[in-house]
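So for the sequence shown, the numbering used here puts the first residue at 5; every next one is plus one. So the structure is just underneath, and the comments pick up after that.
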Amino acid sequence: MGRGGSRGGGGGGSGGGGREEAADPLQPLFETKEAKGRAAYKLFAGTIMVGICLIWLYRIVQVIPRGGGDHDYDQEGRSWARIGMFMAELGFGFYWIITQPVRFNVRYRLPFIDRLSSRYEDKLPGVDIFVCTADPVMEPPTLVINTVLSVMSYNYPPEKLSVYLSDDGGSESTFYALLEASHFSKYWIPFCKKFNVEPRNPEAYFAQETYHDQEWLAIKIKYEEMKNRIESAAAQERISQEIRDQHKGFSEWNDKVTKQNHQSIVQIIIDGRDTKAVDKEGCQLPTLVYMAREKRPEWPHNFKAGAMNSLIRVSSEISNGSIILNVDCDMYANNADSIREALCFFMDEKRGHEIAFVQHPQHYNNITQNDLYSNNNHVVNQVELAGIGGYYAALYCGTGCFHRRESLSGRKYCKDYRGNKDIEANKNFEKKVNELEEVSKVLANCSYETDTQWGKEMGLVYGCAVEDIVTGLTIQCRGWKSMYYNPERKAFLGVAPTTLDIALVQFKRWSEGMFQIFFSKYCPFIYGNGKIKLGAQMGYCIYLLWATLSLPILYYVIVPPLYLLHGISLFPKVSSLWFIPFAYVFIAKSVFSLIEALNCGSTIKIWWNLQRMWMIRRTTAFLFAFIDVIIKQLGLSQTAFVLTSKVITEDVSKRYEQEIMEFGSSSIMFTMLGTFAILNLSCLVGATFKMVVLQDCGALENLISQIFLCGMMVLINFPIYEAMFFRKDKGCLPFTVMFKSLVLASLACLIMPMI
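Written as structure tokens, this is what we have:
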């Protein structure tokens, strides 16, 4: 979307549910639509369930010892292998059952922002926006301030908008960048509203627009000059004295200040209460605040959860907006009317008072044509998360989420609660900026939370790598409901991983944190029992049990190929009736998965890449997550947070755009992938060679299922073979990885006959 339209912060915009001339006070501010075809899907799922039960029955029959008589060809395998297959298929089956309730209850929400504007334009609530960053190297200041500028430019009354940047890196470079952004905002915000610009992230906007009129060029030049100043200052790794003299806030930094050891820093860069804080056209600017909470080596800082809790307290002192939006520093606002759309849920007369938060899906602006690393999972966003939201139990995903401040601050919902209809922020008009800053610094101190409920009953919950998920669950268990909203125009766009290593590290952290929740007191089946619906509990476990999927997948990737190589069948013959449920479940689920993906906007290539990435994740990231959680349960290690870099080199970016998988390191995950790839290829080639030489048609009938499984693994692993044997660029698999993989695969093939 380019330019066109008139300036105005009123109710203009996309209006997710439509627009209308008049608004009846009795009409809801949003509507709910159920997905079509639910009855047909339930019938289909019933047939899959029958097939799964028949598979389990077959495995039980095979496992039960039978005395006497000669053993046929199929029974020569070791009994432990049959038991292992049964356990793996039991795991697959139970996980599939857990995924079904959300598919039975898919619902879509549609807001009406014109109705909101006509009723509540003069009573819109104060909104505090939290942007979190943690490292100026991995999350460059220019990336951060582009996100800040995008949220400052919302179509919303600026006097009711406050933006807070939490800098856990405590970097004066980031502070300087925010100071520069505050100056640029005086030109950027009126430009956005005058021409109805989308997106309102300057970097993204100028990358996609090619206008060359005088006003467009003038604002672009101002942006480039600002960007160059910020990058130049960051490259010098020290702010010059000339720059430091521009603002009193630089006095907070000295030689003793480090990332992990510094005092609380709170600086109100734009005071929204000040009538002189205006843009170039004389319109009010939003409040803009920089915060770096205190960090000391001897005090736990609780990662992002600690930063968010400090923001909640500091913002309550400065602006106290009733609604809080939190976004990651790389997740910029892509829809200028997102706040108004979210408020349709909070301010609906019938159900609004029940709603604690409204979660948007995560989308990315750097996805390749065929989504190489499957970052934009269409089915998850449009089906699974919408299905959990159908139970009013949408997951809190840590970014792109609007919160009711009261629910995030620990308040329990009660039936008498009707919300604050006149939700004007209670700002401290009588206090001067310096006074507010000094008071706020105390709220961001390390010791403030001592002997309080912060991190337990108040704010985000501590002690988990995915503090967002467990926090959302605790809020719902206090009686609140949550909404999932996936608008036609994406509300937020972020930066997706562009290398396989970073993508796997990210999924390892997510799956580890979620599996940790399952083992904790916050397990949905225990903590949520009687508080949220069973379907919602199972919906949570779709993700909480990601790590456990590594075990059955690992078994399927290793054992059937090895038994194939030695001519031992683990599946029924093609001529057997028992073969039918195996074939039906696999074909039906695969075909439905493809149709579902196509219906959600994917292509066949995107779907195929997703199958590859699920296999890769389950055999690496999920496996290590499973192991780490078990080790933590034994008390042998502590939770750690791994930040993923948003910076990539030019050659990596080029290969990513060409959809060439990026390896390039000797990660143990890549060694495992190489081992599994070589193992399946070797077993397929070896078994095929034996059958061709021996011309054993009976063996083919017995082993066709394992041949098919190996063949599928070989096809899925094609990029790994390419990176291992054919590619010569810097993103290929190193020789050491190839050597280790060959050795490990060979050992597996040699050891197999001895077991």
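Each residue gets a CB set at the ideal place from its N, CA and C atoms; glycine is no exception.
query	result
Using three-state DSSP, classify Cys-405 as helix, strand or coil.	strand
Give me the Cα-Cα distance between Tyr-417 and Pro-723, rounded to the nearest whole angstrom.	51 Å
Do Met-156 and Ser-189 count as a contact pair if the criterion is CB distance below 7 Å?	yes
For the stretch 596-667, list the alpha helix (DSSP H) runs that are entirely contained and at least 4 residues long, ordered along the chain.	608-623, 625-637 and 654-661
In chain order, what residues of the same chain have a beta carbon less than 7 Å from the beta carbon of Asn-265, not counting five sequence neighbours either side?	Lys-299, Arg-300 and Pro-301
With the cut-off set at 7 Å, would you say Asp-704 and Met-695 are in Cβ contact?	According to the sequence as given, residue 704 is Leu; it is not Asp. Yes, Cβ-Cβ distance for Leu-704 and Met-695 is below 7 Å.
Taking Cβ positions only, does Gly-476 come closer than 7 Å to chain C?	Absent from the structure: chain C. Only one protein chain is present.
Does the beta-carbon of Phe-179 have 16 or more other beta-carbons within 10 angstroms, so that it is buried, or is it exposed?	buried
Going straight from the alpha carbon of Phe-739 to that of Met-665, what length do you get?	17 Å
Which two residues bound the contiguous beta strand (DSSP E) that contains Val-131?	131-137
Between Arg-113 and Tyr-489, is the Cβ-Cβ spacing less than 7 Å?	yes
Is it a yes or a no for the stretch 576-591 touching the stretch 682-695, going by three-plus beta-carbon pairs under 8 Å?	no
Using the beta-carbon count (16 or more within 10 Å), is Tyr-62 buried or exposed?	buried
Do you know whose CA, among Tyr-559, Gly-532 and Asn-150, lies nearest Ala-337's CA?	Asn-150
I'd like the list of long-range same chain contacts for Ser-745, defined as Cβ closer than 7 Å, with 5 residues on each side in sequence excluded.	Thr-675, Gly-678, Thr-679 and Ile-682
Leaving out five residues before and five after Arg-248 in sequence, what residues of the same chain have Cβ atoms less than 6 Å from its Cβ?	Phe-254
Which one of Ala-311, Lys-354, Glu-353 and Ile-359 has the shortest CA to CA distance from Ile-327?	Ile-359
Do the stretch 493-510 and the stretch 520-533 make contact, defined as three or more Cβ pairs closer than 8 Å?	no
Work out the CA separation of Phe-596 and Ile-755 for me, nearest whole Å.	39 Å
Kindly indicate which residue of Phe-730, Thr-502, Val-689 and Gly-41 has the alpha-carbon position closest to the one of Gln-710.	Val-689
What residue range is occupied by the uninterrupted alpha helix (DSSP H) comprising Asp-118?	117-124
Do you know offhand how far Val-465's Cα is from Thr-403's?	15 Å
Suppose you measure from the CA of Phe-350 to the CA of Lys-419; what does that come to, to the nearest Å?	16 Å
Starting from Asn-330, follow the beta strand (DSSP E) in both directions and report where the run begins and ends.	327-332
Checking 7 Å against the spacing of the C-beta atoms, do Tyr-395 and Ala-500 come in under that value?	no
Can you tell me the Cβ-Cβ gap for Pro-145 and Ala-181, rounded? I've got them flagged as a contact below 8 Å.	3 Å
When the Cα atoms are used, what is the spatial distance from Tyr-560 to Ser-554?	10 Å
Tell me the residue span of the alpha helix (DSSP H) that contains Val-67.	42-67
Is it right to say Val-110 is buried, meaning 16 or more other beta carbons lie within 10 angstroms of its own, or is it exposed?	buried
Helix, strand or coil: which one does DSSP assign to Gly-498?	strand
Can you give me the Cβ contacts of Arg-621 inside the same chain, cut-off strictly under 6 Å, excluding the 5 residues immediately before and after it?	Phe-511
Which two residues bound the contiguous beta strand (DSSP E) that contains Ala-360?	359-363
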